[in-house]
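Worksheet: one structure, shown below.
In my numbering, the protein residues as written are 405 to 737.
Printed below as a string of structure tokens:
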């Protein structure tokens with residue numbers, strides 16, 4: 405049963421600060437956001453997954469006035485069967501939101517994340533060899549070495565640490581650099597770009613986005629001139645439907661690898677370690693039976709999602725009594 409605080413956090417009367425579109429019935433508006441929610445009471449230890457538990461005890465669909473990083477409103481779908489229906493109906497609910505490009509006032513997609521069928525499948529098949537078990541396992545020695553160095557540094561300090569700042573972000577950046585075939589000489593520079601892009605304010609994010617795009621474009625140009633055995637050379641030489649990828653397509657793939665390789669990896673590390681910090685018995689189990697670690701990692705990734713799945717409506721549609729209009733965002737929470 406939801407607690408009293410959960411019931412208050414979904415009180416439709418709590419939303420007053422942001423305008424509600426004319427087509428949204430007032431009774432369907434709820435005060436909820438994965439980024440900031442004045443009506444949502446803080447939870448112990450800042451646990452965001454506990455904070456959103458109220459959603460699944462509430463209505464099957466409601467409207468949030470501020471449920472994206474840029475403060476945009478979304479319809480929120482809370483039932484698994486309805487979410488499946490949204491995610492499978494790609495003609496009505498599109499993946500093409502141009503999240504990154506919109507920061508620059510542009511509209512190209514991150515590929516293949518923001519493509520709809522059939523092109524999503526075409527580009528996913530193209531990229532699958534880069535993510536094969538053999539290729540990923542080849543990175544393991546270097547990745548493990550980096551993790552050990554970061555942990556040793558933290559242990560040597562003799563003090564507590566900020567997991568995101570001192571481990572997760574530099575670790576994720578190092579993996580990204582290894583994956584695309586670069587050394588970690590510019591590690592701190594990339595960490596700064598990631599920090600400004602993923603956690604900066606509206607003044608910091610556009611310059612960081614431009615810098616990242618410029619880096620990816622320049623690297624692509626270099627690999628066209630002087631190919632080597634790395635990720636970017638593979639991309640600039642790859643073909644879809646008998647043609648080389650356009651500059652925009654190469655950029656879209658490069659940006660996705662940068663963003664997904666940093667944000668989701670670092671967030672997953674922090675959520676998983678937070679679980680272990682709050683559950684000492686799970687720590688003891690994994691220490692005493694290390695063979696369970698791989699399975700535990702898989703379960704933790706499933707238990708603590710790092711992103712919300714958002715689609716944009718391609719046409720007006722009535723969904724479970726909600727008057728969704730073309731251009732509305734729909735979130736599966």
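Built from N, CA and C at the ideal position, the CB exists for glycine as well. Quick caveat, the model's predicted, so the values are computed rather than measured.
Simplified DSSP assignment, three categories, for residue i
i, result
"residue 727", "strand"
"residue 442", "Low confidence applies here, because residue 442 scores a pLDDT of 45, under 50, leaving its location unreliable; read the following figure in that light. Residue state, collapsed to three classes: coil."
"residue 584", "helix"
"residue 499", "coil"
"residue 738", "This structure gives no information on residue 738, because the portion of the chain shown stretches from 405 to 737."
"residue 643", "strand"
"residue 633", "coil"
"residue 573", "helix"
"residue 713", "strand"
"residue 605", "coil"
"residue 721", "strand"
"residue 676", "helix"
"residue 578", "helix"
"residue 448", "Reliability fails at residue 448, whose pLDDT of 48 lies under 50, so the model's placement of it is uncertain and no value is given."
"residue 426", "coil"
"residue 459", "helix"
Residues near residue i in its chain [Cβ-Cβ closer than 7 Å; skip 5 each side]
i, result
"residue 638", "534"
"residue 730", "717, 718, 719 and 720"
"residue 490", "481, 497, 715, 734 and 736"
Residues of its chain near residue i, where Cβ-Cβ distance is below 6 Å and the 5 sequence neighbours each way are ignored
i, result
"residue 459", "482 and 737"
"residue 627", "636, 637 and 640"
"residue 442", "Residue placement at residue 442 is poorly supported in this model, since its pLDDT is 45, which falls under 50; the coordinates still yield a value, given next. Cβ neighbours of residue 442 beyond the five flanking positions: none."
"residue 521", "494"
"residue 472", "none"
"residue 659", "504 and 514"
Residues bridged to residue i [DSSP beta-bridge criterion]
i, result
"residue 434", "468"
"residue 479", "467 and 734"
"residue 648", "643"
Any chain C beta carbon closer than 8 Å to residue i
i, result
"residue 716", "Any reference to chain C falls outside this structure, which holds one protein chain only."
Contact set for residue i: own chain, Cβ-Cβ below 8 Å, skip 5 residues either direction
i, result
"residue 710", "667, 668, 671, 672 and 675"
"residue 581", "587, 588, 590, 591 and 594"
"residue 701", "676"
"residue 523", "516"
"residue 424", "430, 433, 467, 469 and 477"
"residue 642", "530, 648 and 649"
"residue 661", "580, 583, 584 and 635"
Expected contact under 8 Å - CB spacing of residue i and residue j to nearest Å
i, j, result
"residue 579", "residue 571", "Not a contact, Cβ separation roughly 12 Å."
"residue 514", "residue 663", "7 Å"
"residue 583", "residue 550", "Actually they do not touch by this definition, with Cβ atoms about 12 Å apart."
"residue 610", "residue 508", "6 Å"
"residue 601", "residue 613", "6 Å"
"residue 596", "residue 632", "Going by Cβ atoms, the distance from residue 596 to residue 632 rounds to 26 Å, so no, they are not a contact pair."
"residue 634", "residue 655", "In fact, because the Cβ distance is near 17 Å, the residues do not count as touching under 8 Å."
"residue 526", "residue 644", "6 Å"
Cβ contact (3+ pairs, closer than 8 Å) linking the segment 500 to 508 and the segment 608 to 622: yes
So, does the segment 708 to 723 touch the segment 475 to 495, judging by three or more C-beta pairs under 8 Å? yes
Could you check whether the segment 422 to 439 touches the segment 464 to 473, counting it as contact only if at least three pairs of C-beta atoms, one from each stretch, sit closer than 8 Å? yes
Determine contact between the segment 651 to 668 and the segment 537 to 557, defined as no fewer than three beta-carbon pairs at a distance below 8 Å. no
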